[in-house]
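In this note's numbering, the protein residues as written are -15 to 460.
Structure (structure tokens):
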């Protein structure tokens, strides 16, 4: 309990400061298209979806603290100064004896995600702490080996994937490349000074080869035993070949060992795609053939990109469940979604269930509110791509089929709708219609030079005074 109280007190400070500098992956301009036709096709299918949910759920939900990082011994980590580090790790890993999510209800998660207008899932099958949320046979440190073992849904990942698959979601498996629990990564013979493997791989090749085998086997399980999987979302970008460490990686400020932490991605990718043809692989920040789309974290790129990318951003302040979290408003999420999509990306929204296995009422409420907007305006989001000119002042644009374009006008919270909407460039074709999607109503408009003016009827101004955003459809 002492650890829970202390870590909860420091949580917001950590999230706002140290974690933003040390664990959040920035935006990169580097990208390489996959060569395989099946992968390229699935990638385009994924780009049509635009909006997904990432679920962080593990041991950290029990005390309601940030996921995994509190057991890492880097200088920026804040813990109880009166406790011994080894004692803290034992306490944290001992939470496996308390994790018993008897209200586990993945169908309600999937229903909430569907109501939000989401189209794909990424679920944490294993975070850096090494606790497995699937029934792996290569580790006893798993949800199906504790107090939840006798529950018929003890193989949690299976039931999460099944629930979302029944709602026609694309399925993604989050998997941490580093595993701080196994003796093949953090060996008890030595201290664990940072996030990296804690022994010299060059002097202990047998041990590292066992880790590579362990990683390969677990990914083989995930891509063989859990039905159709569309995305293998690999986190822990510091586990990488040494020759891929560049200025971007150095900018994280994390320790970099003088040897490769290479897990043989070509071998893993070949196996995983044999199991799941066309599988998208997201080896985060390791730019090349196994980073099929880029994943800027808790941020939106400054400008658009025509290559595939996804902003992963939390609904609250943390990825997993923490008590008294501050959740973004539905309008804020809609505005974020609009900007991300207009710049050519997708939004992966982070939601963390409680230790009991349920979503909070406030989370479900936010998701429902977002979904109401998308239900009326989704045509301007789904299956679109970035327009050549994606923004004019506060108005964003997306491109649909052929000559169809959409103008998306975010409405600031507690502000009224402007009766005249205007923008430069992206001019509608002469004689064409401009349709307000939420009403399926033609609006009066005119063109003056290269500027377009659209006029909203008075009756709509009152109706939309607390609406997240307007969406207009037209042809150019």
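We treat Cβ as the ideally placed atom computed from N, Cα and C, and that holds for glycine.
Predicted, not measured: the structure shown is a model, and the values here were computed from it.
Euclidean distance between Cα positions of residue 107 and residue 441
Numbered from its first residue, the chain shown carries residue 107 at position 123. Numbered from its first residue, the chain shown carries residue 441 at position 457. A straight-line Cα-Cα distance of about 45 Å links residue 107 and residue 441.
Can the beta-carbon of residue 303 be found less than 9 Å from the beta-carbon of residue 38?
The residue labelled residue 303 in the question sits at position 319 within the chain shown. The residue labelled residue 38 in the question sits at position 54 within the chain shown. Going by C-beta atoms, residue 303 is nearer than 9 Å to residue 38.
Pair within 9 Å by beta-carbon distance, residue 297 and residue 331
By 1-based counting over the chain shown, the position of residue 297 is 313. By 1-based counting over the chain shown, the position of residue 331 is 347. Yes, the Cβ-Cβ distance between residue 297 and residue 331 is below 9 Å.
Output yes or no for whether 9 Å exceeds the beta carbon distance between residue 403 and residue 439.
Walking along the chain shown from the start, residue 403 turns up at place 419. Walking along the chain shown from the start, residue 439 turns up at place 455. Result yes, Cβ atoms of residue 403 and residue 439 sit closer than 9 Å.
What does the alpha-carbon distance come out to for the pair residue 5 and residue 236?
Position 21 of the chain shown, counting from 1, holds the residue named residue 5. Position 252 of the chain shown, counting from 1, holds the residue named residue 236. A caution first: residue 5 carries a pLDDT of 47, below 50, which makes its placement in the model unreliable, though a value can still be read off. In this structure, the alpha-carbon of residue 5 lies about 7 Å from that of residue 236.
The alpha helix (DSSP H) enclosing residue 146, as first and last residue numbers
The residue given as residue 146 occupies position 162 in the chain shown. Boundaries of the alpha helix (DSSP H) harbouring residue 146: 140 to 150, taken from the DSSP string.
Rounding to the nearest angstrom, what Cα-Cα distance links residue 239 and residue 14 in this structure?
Indexing the chain shown from 1 puts residue 239 at position 255. Indexing the chain shown from 1 puts residue 14 at position 30. Distance between the alpha carbons of residue 239 and residue 14 is about 22 Å.
I'd like to know if residue 441 contacts chain D, where contact means its C-beta is closer than 9 Å to some C-beta of that chain.
In the displayed structure, chain D is absent; only one protein chain is listed.
Buried or exposed: residue 436, going by 16 or more other Cβ atoms within 10 Å of its Cβ?
Residue mapping note: residue 436 aligns to position 452 of the chain shown, counting from 1. The residue in question, residue 436, is buried, as its Cβ has 16 or more Cβ neighbours within 10 Å.
Going by DSSP in three states, residue 294 sits in which element: helix, strand or coil?
In the chain shown, the residue the question calls residue 294 occupies position 310. Three-state DSSP puts residue 294 in a strand.
Three-state secondary structure (DSSP) of residue 396
Against the chain shown, residue 396 aligns to sequence position 412. Of the three classes helix, strand and coil, the one that applies to residue 396 here is coil, per DSSP.
With residue 161 and residue 218 assumed to form a contact (beta carbons below 8 Å), what rounded beta-carbon distance in angstroms separates them?
Sequence index remark: in the chain shown, residue 161 carries index 177 (1-based). Sequence index remark: in the chain shown, residue 218 carries index 234 (1-based). The pair is a contact, with the Cβ atoms about 6 Å apart (cut-off 8 Å).
Identify every residue that forms a DSSP beta bridge with residue 389.
The residue given as residue 389 occupies position 405 in the chain shown. DSSP output for residue 389 lists 383 and 458 as bridge partner(s).
With a CB to CB cut of under 8 Å and the five nearest residues on each side skipped, what residues in its chain are close to residue 424?
The residue labelled residue 424 in the question sits at position 440 within the chain shown. Contacts found: none.
Using the Cα positions of residue 290 and residue 250, report the straight-line distance between them to the nearest angstrom.
Taking the chain shown and counting its residues from 1, the one referred to as residue 290 is at position 306. Taking the chain shown and counting its residues from 1, the one referred to as residue 250 is at position 266. C-alpha separation (whole angstroms): 26 Å.
Restricting to Cα atoms, I'd like to know which of 287, 414 and 335 is closest to residue 370.
Here residue 370 corresponds to residue number 386 of the chain shown, with the count starting at 1. When C-alpha distances from residue 370 are compared across 287, 414 and 335, the shortest belongs to 287.
What do you get for residue 256, buried or exposed, if any count of 16 or more other CB atoms within 10 angstroms of its CB means buried?
The count along the chain shown starts at 1 and reaches residue 256 at position 272. With a threshold of 16 other beta carbon atoms within 10 Å, residue 256 meets it and is buried.
Local conformation of residue 203 per DSSP, three classes
Indexing the chain shown from 1 puts residue 203 at position 219. Residue 203: helix per DSSP, three-state reduction.
In terms of DSSP beta bridges, what is residue 217 paired with?
Start at 1 with the first residue of the chain shown, and residue 217 comes out as number 233. Note: residue 217 sits in a beta bridge opposite 158 and 266.
Give the straight-line distance between the Cα atoms of residue 224 and residue 55, rounded to the nearest whole angstrom.
The count along the chain shown starts at 1 and reaches residue 224 at position 240. The count along the chain shown starts at 1 and reaches residue 55 at position 71. Taking the straight line joining both Cα atoms gives about 21 Å.
First through last residue of the alpha helix (DSSP H) which encompasses residue 442
Numbered from 1 along the chain shown, position 458 holds the residue referred to as residue 442. In the DSSP annotation of this structure, the continuous segment of the alpha helix (DSSP H) that includes residue 442 starts and ends at 442 to 447.
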